[in-house]
Every structure is written in C-alpha cells, then in structure tokens.
Amino acid sequence: MPAGEVLQTKPVKGKVTDSEGQPLIGVTVMVKGTTRGAQTDSKGEFSIEAPENATLVFSYIGHESQEVSVKDAGKALDIVLKGGASGLTEIVVVGYGVQKKINLSGAVDAISGKALESRPINNIATGLQGLLPNLNIGLSNGRVTSTPSFNIRGATGLPGSNTAPFILVDNIPATPDELARLNPADVESITVLKDAASAAIYGARAAFGVVLITTKSGVNDRLSVSVSTNYALRTLGKVPEIVTDPYLTMDYKHRAATPLYNLFPDAVREYAKKRSADPSLPAVIVDPNNPNAWAYYGTTDWLHEAYTKTAPSSNTSFSISKKDKKLAYYLSGEYFQNNGQLKYGNDVYKRYNLRAKGTYEFNDRVKLGTNTTFTSGDYDSPGFIDGDFFHNVNRTPALSVLRNPDGSWTSDGASLFGRLQDGGRNKSVLNEFVLTANGEVGILKGVWDIKADATFRRYNNVVNGFGVPVPYNNGPNQPIKYTGANPSFANNAADAYRYNVYNVYTDFHKTFAKRHFVQALAGFNQEYYYFNRFSTTRQGLISNSLPSPQLATGTVTTTSRIDDWAVRGLFYRLNYIYNDKYILEFNGRYDGTSRFPSHDRWGFFPSASAAWVLTNEEFFKPLAHPLHLDVLKFRASYGSLGNQATVNSYGYIPTMGSGQIGQILDGARPIGVTQPAPVSSSLTWEKIRTLNFGVNMSWLNNRLSIDGDIYTRTVEDLLTKSKTLPAVFGANEPNTNAADIRVKGWELSMKWNDEFTLGGSPFNYGVRFILSDSYAEVMKFDNPGRLLSDHYVGKRFGEIWGLENDGFFQTEDELKNSPDQTDVGSDDQNYKFYVGDLKFKDLNGDKKINYGKRTVDDPGDSRIIGNSSIRLPYSLDLSADWKGFDLRVFFQGVGKRDWYPNPSNHYFWGVFAQPWTNVQVHNLDSWTPEQRNAYFPRLKSYIAEDASELGAPQTRYLQNAAYLRLKNLTVGYTLPSALTRKAHIERLRFYFSAENIFTRSHLKANLDPEGLGGSVYPFQKTYSGGLNLNF
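Residue 3 is where the sequence shown starts when you use our numbering, and the numbers rise one by one after that.
Quick look at the structure:
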C-alpha cells in the first residue's frame, strides 16, 4: 500500500465457540496479510478494526483455521471452529515465527497446552511424556525437585555426552531445570522441531532438536480472570516386597551365608521360630550370650516404614488478561506446595511463580512489549536424603527395629530414620528473575518488519545446611554411641549466574500474483552466560541448635568455581510456496562459540526442505474424491548442525588441578598441582546431518489423520578419547573428534476425531495413537581389536553381551560331565559350582565356559542376549465430552526394552548379593532338592556382588522391561453457562484426576519399570481434585 494511503476500516465483533458451543479463549483473529490481530476473551468474544475488503483468519491450536470475509460480516460474527481435525490447518510456532502446518516441510510436531490441564503435575516435562512422537522424557525418580531428561529421536551421542534438545520459552533459552519451574497453567502451546531443516535456524544450541514453549498472552475486549486450584494426595508406587517373618528371614540369611559365616547360631534361630509362631513375644530382648547387648527379632518392612501412606500437594494459579486497541496484557501467578513422602524428617518444596506479559501498539507499525517472570523455590529436606539413604533403606535387615525398649534409637534406626529426623537439614532458597524487552517496527505494513528482543536472566540459589551426630544404643545401660556427621558441621553455599540473550531479525513476506508466496527472514543472535559458585564448610559446631559456620571451631573448607561461555550467530530462512502445492524452505546459520580455539570457532550449517501437497493438484482430485482423501502431503529434508555442548567452557585450554598433597613437608601438607591435561590441536564441532522423509494424510473430512516420518541422523566427529598413548607419556590421552554414529528411526501418529448426536446433544470423542522407534550404531571408533569393553564399529547402543543359561546342575553326574565353569565362578565361592548352581551352555564347544578374549571375534561363550535401549515407545490418548462432562484416558509405555540388574542391585538380588541385605519375596523362589524348577539357584550370598555367576549378564535373569502405564485418568464436569452466568461466572468446571495409577510390566521384582531398582526416591501414584473458574 503506498505510503500515506488509508483504507476505510470498520469494527468487527463476534464470538468463537467449539462444536459443542463452549466459548474458545485465546483464539487468534488476524487481518489476513497484515500484523493486525486480536484474541478472544473468556467469553470467546472478540473485537477488531479491519478494512472493509479484508479477510479475517481465525486460528487456534488443535482446531481447524477458518477464513471469513469482512464484507460478509453482519453485526456480529458467530464462528465455530472444529477441533482435532487433521491439524494441517493449525498455526504452529516455529523458529522466530509461526506457520500453518500445511505449509511445513520439515519434521515438526505441536500440541496445545490444554493437554496439560487438570493433571496433578509439578513440572511440564512430566506432563509431556508420551504426548508427542519421539519426544522422549526420562524420569529417574519420584523426588519433586528432580529434573526429567529430554531426548528427541533417540540416542544422539556416545553414552554420557550431553545430547539434550534446545529448549526455549517465548523464544528465551531455558535449561530443563528452568523449564521444570515454569507454571504449567501459563503454557499456550508446545512445538518440537525434530530434523536439522527445522532446527537449523537455532544453530549451535539446536544440534539435537528444539522444544518451543509459548506462553499465553492477553485476550480481547473485556477483563478476563481465571482461577485454577488442585489438591492431590500421593501414595507410594512400586517398591520391592521383602520378607519380614523373623524365622524365615534368619533361616534364609543364615543358609545364604553358610559356609562363610555362622550368621545366626541355632539358639538365636530358635527364639526367632518361637516369635514367628507367637508375634506377641518381644521383638527386642537382652542377648542371652551378652547381657550388655540387645538381640533383635523384628518384623520391620523398612521400605514401607520409611514412607507415609499419603502425602499432600496443592497448586493454585490465577491469570488476569485483557486486550484493547493499544494494550494487551497477561498477568499470572502460581503457588505450589509438595509435602514429600518421607515419614521421618520429611522434605517440603514450595514454589512461587509470577508472570507479567504485555504489548503496547503505538500505531499500526510500531509495537513494544515486555515479558517478565519471577520464580522462587524453597526446598527444606534432610541432609541425609540422597543415594546412601535410598540404598541403605533396602539393606537394613527386617530383624532390626527402630527403637530400643528404653526409647533410644537402635543402630539401624539411627543410621536411617534418626539421621533423617535429627541428623541435620538442608534448606535451599532459589530466586530467578527473567526480563525480556521486545519491539517490532513495520517497514512496509503487513509485508516487511524488523523485530528485536533482549533477555536478561538472573539466578541465585543459596543452600544452608548442617549435620550433627545422632545418638543410639546397642544394649541396656551402655554408653551412648553416635552415627552420622561426626564431627558436626555447617555449610553455606551459593550458586549465581547471569545470562543475556539478544536477537534482532527482519522478516519479509508477501504473496505475488495470488500464487507465489515468498518469505525471507534474516537475523543476528548472541548469548552470554556467567556462573559463579562459592561454598564454605566448617566442622565442630559449638551448639547443634545453632548451625552456622561462624559458630564452629573446626576445620574450614572453602571452594569456588567460575564458568562462562558465549555463542554468536547469523541466521536465515527462505520460503517459497507456489499455489499451495509446492513448498521450498532453506534454513541456515553461521555460528561461533567460545568453547573452541579461535581458529576453529566458526561453522556454517545449512539445510533445505521441500513438500508437495498432492491433493491440491487438479489431476489428483478425481482420485482423491472416491477415497475421501482430504490431504496428502509428502515432505523431504536434509540439513546439518554443529554441536559444541560436549566440550566444557575451557576444553581447548590445558588446565591443572590443585590440592593438598599426601606428603608432609616442614610439618604441613603443601598445595600441589597436577600435570596439565593435553588438548587436541584439532578440537572442533561435532557435525550432525539429518535426512528426513515424511507424509501427512487425512480422510473423511479430516476426521482421520496419519502423520509419519522416517529419518537417518549421522553424527560425525564425535568428541571421544584418542588413540591410546604410551604409559611413559605421563598424562591421559586428549579427547579428539574421532568417532561417528548413525541413528535410524521412524515415527507414526494416528488420530481420529468425530462427533454424533446423543440424547439431543453432540457427543465428541477422539483417539490418538503414537508409536516410534530408533536405534543407534557406531560407524567409526578407534578400537581395532574390537574389545567388548569399549565401543566398536558396528556396535548398536545398548547391546547386552551375556552367557546362555542351561538350567541348574541337578545331579553330581551332570556336574562332573559338564564343561568347566571356573572362569565365571565367584571368588567368595572359591570359583566352584555345586548341585543347584547355575549351568551355562558351551557355545564354542571348547569344554570351558568363559569369555574368550572378550572381543567381537572371540567372545568365548557370550553372545548378544538383549538391548537396554528404549524401543517402540507408544501412547494412546482417549477423550470424550458430552453435555458438560469430559473424560480423558491416557496410556503410555515402552514396547521393547531389556534390563539386566547390576551387581549389588539389592532391590533385585537381595541376599544373593549380600547376606546383610533383606530377603526379597521373589528370592524365596530358589532351588532346593524339592524345588528344582525354581527361578533362582541354590541359596548362597555374594554370587551377585560382582560380575560373576548371577552378576554376569545371562539369559535366565535378563528382564523384559517393557511396560504399559495408565498415565492419566481425568473426569470433569462443566456447569451449564446459563446457570453460572447468574453468578457472573463464565465457566466453572470440577474435575478428578489420577496419575500413574496402573502399571503392567514383566519384571520379576516389584520394581517400577522407569526406576528399575535404582537407589532413588520412589515413584508415586497421585489422586487429585480441582476446579477451573473463569470470570
């Protein structure tokens, strides 16, 4: 439009609802071809100024977009958006912009924030598990402050390397920790960019995909107020079942320790037998052989004693929003509290979130905005809560009890629950402030604009902790003993960082001759991160009730750490669409990072993608019609990205460590430094190249849709150890870019949405099924001998090499006439085998059971017996609504995974690892002359303590770790609007929701298939109720 020309406009008002007549909040209403827009308010209503010849575009995540001519508009528009159709007309957030899904040529998936509503989740990552194909969320434990891991499309680097995707919230980079603190009620949509073509615009930070979180913005017209509250009760999930009967426990432990120890003499077991028969007998008596000691005959299930039956959590959030011709704003707040599951010295987490987001339009060409968040977290927990506690709680014998007859802690009680309750606390207070200022200037109205934003994140976390000794007693009238922190100590630590991000970019987009759409975007990005940690610990508290380093007299230990890095890049995206049929897109970035030496800091990483919408071809329409085919689109992409996250901030500089040496010189231990680690002169980017083919299809008026992708991702120049150097070199070999891997996979998403009339009202229902798979293979690695202890060319990630079982030795003759198994025996059993022990197959026929040279070419009698990689993750999402009632049933699981319990995994092996640990219920299924078809061999300890006998991977005890979990069940009811509006309430919905309430797996032990017997905070089931209220 020529400068100065003014088109006559008129106000257009209306209301947007879904197919059931419920108002849709936050629908985007845009004047087509311009940046002018509005959003619907809490009533679904909108108001916008538009030229008389304009077209309005209505779009909403998860619904079909709709275009309406202003000329055809009467006094008020009544717009009905159909939900859950093919999704190809949805508006999807992409890098530095938005696009219609039908116009995407890369591998992109999106979902509405509504998928997280009503679920009793404390962080977004937990809610995303299973919602999008090949977005893999790993949950390692049930602790409220734990951070789930992210992965897109399977293994992307050697084990232990950082291969997390790049996460952005409103175009602001965020770590998984920062994402976990985000208020779930603020989320508008989630987009995942999976291939190099769609992620290339983010360059160095996006080597393994991108997760884009968009938060809600101000809506149109009148003030909208929303309140949501949820109260939940959590119960213990799967934990091992242990034997608590005194005599059975003693008998099993005694037989397992024989002949190494006489663990429980006959007289001791005799009283245990009496107490098993008569539980009213005392559990603690004076030891008949030592009048100064107690003897314990308890029935303590320490795992269940450690945790409460139920633990509460609550979440309340609110939002206030509005948009008029000039100003749009969104204000929100959240309070979340989670009481932990520990019965003694419980942990409590509190989180506070505030967000203020606003945009002011000075005129049609100039717009300024801010997005400010403040997050505060308070976690008060026992100092003794981490791995040691969760490891020891299963090793503490059921025969022990918590307290002695005189009320004092027992040794076991003090070591576990006494330390939790009285042994010290850690209090962490976290504050995080993020400010983003952004602006937009229209050079050519609706055609060419310039945008810029600057983000400043400030974070600090202060931890004050202390540890004190806990008293206990072993016998009557004995001196008090202590366990735990001895000497006592106090610790103060602080982490702080500042993180600045700057973006400026320009975007040109225009349609020529009604058929040629062209878009060109180019910009600049820079990030800088600075971290500082300081910690002080001092021993010898003057008073245990005043834990402070200033009130201690002992040794002081002070540590600190400083870290900083920066990235800078130029990026571009070029789009061309011809007549909605042929789509081309080119993305690229020229990136630099401070993590590499100056001569190797920069890299150029381009990508290209194309799509063909076959159903828009005139020649294909006669074929599509009889098939009821609405959309058929083919996609292809290829691109490269660089990864610099595997190198620490100063990985290109030889560094030396310092510390006190072991020798005493002149009466003191002086400070010494280590030999500087050598650094490769060719240290540079890892290169990730992705080839992707995809298809999008929908039938039957978009009620049925299928999306599928297949891909190959090659990671070249992986950073790993270089060739082995001579021992006289004097230092470890440096890491170099010396390995390649290849990942192949596919993903499938099928969706059906429909409605029919039931009882005079529409019954809406939907089904969505997601399935994906991938595997990774080593293509290059310096292991010419192909040792099994390292990576080798052709190795698939997760391979489990092991022996093949052949049952048990049932007779002495069978034992004598079988191959020699000495090489796989246990040193605690003098490498000997007896009747009832494991028997292995002689695969190479040399009359010996061993591992040969432990190479691929000579593995002895071992072979690949399984794979620990997660394969075939899937989910099934069922939903329905009718007359105000809504139902959602969400299943999630893994179709294929093998797991072999590590040696000393007491949660699985029990007394077969050590006689001191608990007898697991499944341990009772062990071989005896009367029970020859048992699961476990003849009872004996220490055969699962190291990599021999049970501890050596083998087919018999390889676990099928596939599972099916009912992840969420939600039932809700929304009161009729005719009833609520009398009380000036737009919408009032009550709901009940349950999380993780059912899990089916084939594990022999009663273990959670995601935790797999780790010494961690247990997973929990959650039952909650809540309401959503809109004014």
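Glycine is no exception: its CB is placed at the ideal position from the N, C-alpha and C atoms.
Just so it is clear, the structure is predicted and the values come from calculations on it, not from any experiment.
Could you pull out every residue in the same chain whose Cβ sits closer than 8 Å to the Cβ of residue i, ignoring the five residues on either side in sequence?
i, result
"K1038", "As displayed, the chain neither begins before 3 nor continues past 1033, which places residue 1038 out of reach and without an answer."
Quick check: what's the CA-CA separation for residue i versus residue j?
i, j, result
"Q956", "G804", "5 Å"
"P122", "F892", "14 Å"
"G1027", "G1013", "27 Å"
"Y794", "M781", "8 Å"
"P25", "K84", "12 Å"
"F573", "A610", "14 Å"
"T648", "D888", "46 Å"
"E806", "G426", "49 Å"
"V146", "T177", "17 Å"
"Q131", "P293", "58 Å"
"P290", "T251", "20 Å"
"G571", "V213", "19 Å"
"L631", "V520", "28 Å"
"G1042", "S316", "Lying before the first or after the last residue shown, residue 1042 is absent from the chain, which here runs from 3 to 1033."
"A882", "N55", "40 Å"
"Q101", "V95", "7 Å"
"P861", "N694", "37 Å"
"Y381", "N185", "17 Å"
"S319", "F636", "42 Å"
"E988", "A358", "23 Å"
"Q916", "I287", "26 Å"
"R597", "L789", "32 Å"
"F210", "D593", "16 Å"
Using 10 angstroms around the beta-carbon of residue i, count the other beta-carbons present and answer buried if the total reaches 16, otherwise exposed.
i, result
"R1063", "No information on residue 1063 is available, as it lies outside the stretch 3 to 1033 that the chain covers here."
"L840", "buried"
"G116", "In the sequence under discussion, the amino acid at residue 116 is Lys, which differs from the Gly named in the question. K116 comes out exposed."
"F731", "exposed"
"K328", "exposed"
"F1000", "exposed"
"K689", "buried"
"S49", "buried"
"G409", "exposed"
I'd like the list of long-range same chain contacts for residue i, defined as Cβ closer than 7 Å, with 5 residues on each side in sequence excluded.
i, result
"Y532", "Y499, R500, D566"
"R257", "L941"
"T595", "A206, V569, R603, Q646"
"K275", "Y249"
"T676", "M658, G659"
"N428", "S383, G385, V465, G467"
In its own chain, which residues sit with a C-beta less than 6 Å from the C-beta of residue i, not counting the 5 before and 5 after it?
i, result
"L262", "none"
"E529", "V503, V569"
"R967", "Q894, G895, T1001"
"G550", "Per the sequence presented here, residue 550 reads as Ser, with Gly not at that position. Same-chain partners within the cutoff: A492."
"L370", "Y362, G441"
"F799", "A157, A778, S871"
"T57", "K34, E69, S71"
"K1023", "T237, G239, N998, I999"
"I43", "According to the sequence as given, residue 43 is Asp; it is not Ile. So the qualifying residues of the chain are V221, N222, D223, R224, S226."
"G486", "R421, G425, P471, V472"
Identify every residue that forms a DSSP beta bridge with residue i.
i, result
"H1004", "Looking at the DSSP assignment, H1004 forms no beta bridge with any residue, so it has no partner."
"A176", "I169"
"W918", "The partner list for W918 (beta bridge, DSSP) is empty, contrary to what the question assumes."
"W754", "L706, V769"
"G444", "D451"
"A495", "V465, S537"
"F799", "Answer by DSSP bridge pairing: none, since F799 is not bridged."
"T318", "T231, Y337"
Checklist line | Cβ contact (3+ pairs, closer than 8 Å) linking the region 741 to 756 and the region 692 to 708 | finding: yes
Note to self: Does the structure place the region 152 to 160 close enough to the region 133 to 144 that three or more beta carbon pairs sit under 8 Å?
What the structure shows: yes
Note to self: Counting beta carbon pairs with one atom in the region 923 to 939 and one in the region 968 to 977, are three or more of them shorter than 8 Å?
What the structure shows: no
Next item on the list: Spell out a yes or no on whether the region 918 to 926 and the region 231 to 247 are touching, meaning 3 or more CB-CB pairs, one atom from each, closer than 8 Å.
Entry: yes
Check: Taking three-plus beta-carbon pairs below 8 Å as touching, is the region 273 to 281 in contact with the region 464 to 475?
Finding: no
Notebook entry, point to check: Does the region 547 to 562 come within contact of the region 576 to 585, defined as at least 3 CB pairs closer than 8 Å?
Noted result: no
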